[in-house]
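Those protein sequences? They're chains R and H, same order as listed. In terms of this note's numbering, the first sequence is residues 2 to 293. In terms of this note's numbering, the second sequence is residues 359 to 637. Just so you know, even glycine gets a beta-carbon here, dropped at the ideal spot from N, CA and C. Here is the structure we will look at, set down as structure tokens.
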Amino acid sequence: NLADKLQNIFAKLKGKGRLSEADVTAALREVRVALLEADVSYKVAKDFVARIKERAVGEDVMKSLTPGQQVVKIVNEELIALMGPEQAKLKVSSKPPTVVLMVGLQGSGKTTSSAKIALYLKGQGKRPLLAAADIYRPAAIKQLQVLGEKTGIPVFSLGDQVSPVEISKQALAEAQSHGNDYLIIDTAGRLQINEELMNELSDIRAAVNPTEILLVVDAMLGQDAVNVAAAFHEKLTVSGIVLTKLDGDTRGGAALSVKAVTGCPIKFTGIGEKLDGLEPFYPDRMASRILG
Amino acid sequence: AVFSGAVDDDFFEELEDALICADVGVNSSLQLVDVLRKRAKKDHIKERQELWQVMQEEITAMLTAGGDGEIVIEPDKLNILVLTGVNGAGKTTTIGKLAALYTGQGKKVLLAAADTFRAAAAEQLATWAERAGVSCIRQEEGADPAAVVYDAIQAAQARHVDVLLVDTAGRLQNKTNLMNELSKIGRVIDNNAAEAHTEKLLVLDAGIGQNAISQARLFGEAVELTGLILTKLDGTAKGGAVIGIVNESGLPVKMIGVGEKTEDLRPFQPADFAAALFN
Ligand SMILES: Nc1nc2c(ncn2[C@@H]2O[C@H](COP(=O)(O)OP(=O)(O)OP(=O)(O)O)[C@@H](O)[C@H]2O)c(=O)[nH]1
Ligand SMILES: Nc1nc2c(ncn2[C@@H]2O[C@H](COP(=O)(O)OP(=O)(O)OP(=O)(O)O)[C@@H](O)[C@H]2O)c(=O)[nH]1
Ligand SMILES: [Mg+2]
Ligand SMILES: [Mg+2]
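Below you can see the structure in the form of structure tokens.
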């Protein structure tokens with residue numbers, strides 16, 4: 002793993018006597034490769050390594066007795082700092098219900114995560130309402146309804162012949178009249194380059210004024226993660242990220258890319274297919290995972 | 359833009375960066391850059407534009423190393439296509455597209471809803487079956503997927519079906535019990551349809567990064583794969599990770615998904631794919 006590689010590099014370098022800045026640069030190339038192999042975005046990795054170099058030189062790693070260890074420590078600290086604090090808190094609206102809009106690419110885990118988050122809220126004594134606003138994917142509404150039944154959470158649906166904007170508006174009215182304190186709206190997966198569908202999301206946003214817009218991101222995304230996150234954020238002003246399928250063996254560098262490019266906190270992680278497979282985000286665990 | 363101008367050190371660095379940004383991965387990118395560097399030296403190539411052709415040829419060669427990329431449907435026998443892959447890759451939708459494709463070719467098609475786990479999985483596949491005008495073998499949620507496959511094989515043989523399309527549940531490759539379940543499905547097919555032509559296809563989302571390599575490796579250990587299907591190439595992701603996979607496993611990419619509609623399925627064209635990496 003990276004720690005071992007850095008120890009080896011510095012051990013070899015130390016053999017030559019005093020370390021130079023060029024030696025540190027060579028070692029940092031290993032950090033960059035480790036990040037790229039972990040699917041961290043190319044530009045994020047570049048900026049990150051530049052930052053590590055600043056600190057390494059500034060903290061006189063060259064004079065250290067254990068430069069390899071020191072660089073690993075700096076990398077770890079910077080990764081944790083970049084990924085932000087542990088955050089399982091959803092914002093609450095001053096005027097209930099708090100509306101949470103779930104958005105993201107096709108197959109990222111929105112429908113499953115909507116139900117997981119609803120179940121998590123129910124466990125906290127809240128009264129969430131789920132809204133089925135994906136009218137395109139075959140049996141998408143049915144999928145949310147089945148998950149609603151499994152968790153004893155009501156699902157608002159108007160079928161697939163009514164626009165998602167209208168469904169969202171009426172779901173909000175339903176939540177208000179039934180005293181639900183949270184409304185979680187599941188939307189269809191879409192490409193960030195599909196103008197019409199991205200406009201649909203801005204229309205939903207304008208109609209129901211969500212307190213949280215959660216971008217659901219598959220943890221195994223590669224270099225494209227930055228393009229996707231940047232576009233969704235620019236269009237909607239995302240307020241949080243849900244990183245799914247972290248129970249896989251992906252290194253998960255997309256987490257770093259998405260966080261770096263949007264500045265949004267990672268609020269939840271999906272760690273399994275079952276509805277209890279939801280955890281808060283632990284930046285230190287993510288840091289060690291990315292570094293392998 | 360990478361391929362215009364003179365061949366210099368900057369070029370090889372820019373090329374490496376472009377390949378990495380296309381998810382080709384560090385090792386495969388360095389490999390490709392090295393090939394180009396050697397060719398440029400050997401043939402005294404001064405213009406980047408000349409190396410563009412070499413790059414496409416080299417990537418195409420890497421992608422076709424495992425043989426030509428066609429899903430083979432043999433006449434006068436049962437053909438079984440099993441689609442497997444991680445959660446959300448596009449298996450069910452791709453089966454819907456294949457059902458329409460083969461029905462349109464006058465073939466008799468049957469679907470098997472062997473995802474008995476996920477909410478509304480069978481309903482989703484049933485909708486695609488309806489669209490193609492074909493039948494779908496399904497059991498209740500929680501049934502043994504291998505039992506569904508067994509039933510589907512019996513039905514396919516009895517009804518003289520040309521193509522049986524088997525949908526499986528999404529599964530992450532590090533889940534040993536789910537990989538074992540997949541192996542069992544493979545054995546049910548081998549033991550009960552030995553005379554059939556079988557294709558076991560791994561469905562990969564073009565947006566996935568280097569984890570695709572691990573997927574191909576571990577799914578390949580669970581069942582003997584015959585090819586890959588790369589989905590969601592209509593997005594901004596380039597799917598470059600397949601280069602490393604094909605290089606390592608020799609598995610050809612057989613089809614690509616370019617959208618969510620029935621007609622959004624095309625045969626894989628390595629040269630087009632290679633060119634698109636640099637768009
Ligand atoms: N292992 C695992 N699987 C997950 C997780 N989250 C979602 N899934 C699975 O991923 C697949 C896709 O999940 P969906 O909830 O249907 O994804 P979606 O974003 O709603 O998909 P579209 O509506 O088609 O865009 C399903 O098989 C889920 O069971 C997770 O954290 N871990
Ligand atoms: N843009 C685009 N979307 C696709 C493509 N193929 C599938 N999808 C979408 O991806 C999402 C997931 O597709 P599914 O067919 O449910 O994927 P799956 O692999 O069967 O998912 P699980 O069974 O939950 O593991 C759906 O929203 C599909 O419409 C494609 O080629 N392009
Ligand atoms: Mg969904
Ligand atoms: Mg499916």
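- Residue 610 of chain H and residue 80 of chain R have their C-alpha atoms spaced approximately 37 Å apart.
- Around the beta carbon of residue 549 of chain H, fewer than 16 other beta carbons sit within 10 angstroms, so the residue counts as exposed.
- Within chain H, the residues placing a beta-carbon under 7 Å from that of residue 221 of chain R are 566, 567, 569, ordered along the chain.
- Against chain H, a Cβ distance below 7 Å from residue 109 of chain R picks out 446.
- For residue 543 of chain H, same chain residues with a beta-carbon under 8 Å away, outside a window of 5 residues either side, are 440, 472, 503, 504, 507, 524, 526, 581 in chain order.
- Here residue 402 of chain H carries a coil assignment [DSSP, helix/strand/coil].
- With a contact defined as Cβ atoms closer than 8 Å, residue 131 of chain R and residue 122 of chain R miss out at about 10 Å.
- Per the C-alpha coordinates, the member of H:395, H:621, H:419, H:532 positioned closest to residue 409 of chain H is H:395.
- Distances between the C-beta of residue 141 of chain R and the heavy atoms of ligand 3 include at least one below 7 Å.
- Rounded to the nearest whole angstrom, the C-alpha separation of residue 429 of chain H and residue 449 of chain H is 15 Å.
- Following the DSSP letters along the chain, one finds residue 285 of chain R inside the alpha helix (DSSP H) bounded by residues 284-291.
- Taking 8 Å as the cut-off, the Cβ atoms of residue 565 of chain H and residue 528 of chain H do not count as close.
- Of all residues in the stretch 471-492 of chain H, the ones placed with a Cβ closer than 7 Å to any Cβ belonging to chain R are 477, 478, 481, 482, 485, 486, in chain order.
- Not a single C-beta of chain R is nearer than 8 Å to the C-beta of residue 495 of chain H.
- Secondary structure note for residue 370 of chain H: its alpha helix (DSSP H) is the uninterrupted segment 367-379.
- For the stretch 173-193 of chain R, residues whose beta-carbon sits nearer than 7 Å to a beta-carbon of chain H comprise 192.
- Of all residues in the stretch 3-32 of chain R, none has a C-beta nearer than 8 Å to a C-beta of chain H.
- Close partners of residue 243 of chain R in chain H (Cβ separation under 8 Å) are lacking, with about 14 Å as the shortest Cβ gap.
- Residue 512 of chain H and residue 535 of chain H have their C-alpha atoms spaced approximately 26 Å apart.
- With a cut-off of 8 Å on Cβ pairs, the stretch 221-238 of chain R is not in contact with the stretch 47-57 of chain R, counting fewer than three such pairs.
- For residue 509 of chain H, there is no enclosing beta strand (DSSP E); the enclosing alpha helix (DSSP H) covers residues 503-516.
- Proximity of residue 228 of chain R to chain H, defined by a Cβ-Cβ separation below 8 Å, is satisfied.
- According to the DSSP secondary-structure assignment, residue 437 of chain H is paired through a beta bridge with H:521, H:555.
- Residue 165 of chain R: member of the alpha helix (DSSP H) spanning 165-179, first to last residue.
- Excluding the 5 residues flanking it on each side, residue 376 of chain H has same chain C-beta neighbours closer than 8 Å at 360, 635, 636, in chain order.
- The beta-carbon separation of residue 34 of chain R and residue 384 of chain H, rounded to 6 Å, stays under the 8 Å limit for a contact.
- With fewer than 16 other CB atoms across the displayed protein chains lying within 10 angstroms of its CB, residue 26 of chain R is exposed.
- Under the DSSP assignment, residue 613 of chain H falls in the beta strand (DSSP E) whose first and last residues are 611-615.
- With its beta carbon at least 8 Å from every one in chain H, residue 238 of chain R lies outside the interface.
- For secondary structure counted as the alpha helix (DSSP H) over 4 or more consecutive residues, the stretch 407-486 of chain H holds these complete runs in sequence order: 449-462.
- Taking each of H:576, H:563, H:622, H:457 in turn and checking the Cα distance to residue 606 of chain H, the smallest one comes out for H:576.
- When the five nearest sequence neighbours on each side are left out, the beta carbons in the same chain lying within less than 7 Å of the beta carbon of residue 461 of chain H are those of 467, 490, 491, 492, in order along the chain.
- The straight-line gap separating the alpha-carbon atoms of residue 437 of chain H and residue 556 of chain H is approximately 6 Å.
- Taking 8 Å as the cut-off, the beta carbon of residue 83 of chain R is found closer than this to the beta carbon of residue 261 of chain R.
- The continuous alpha helix (DSSP H) containing residue 571 of chain H extends over residues 569-580.
- Note that the C-beta distance between residue 108 of chain R and residue 160 of chain R is not below 8 Å.
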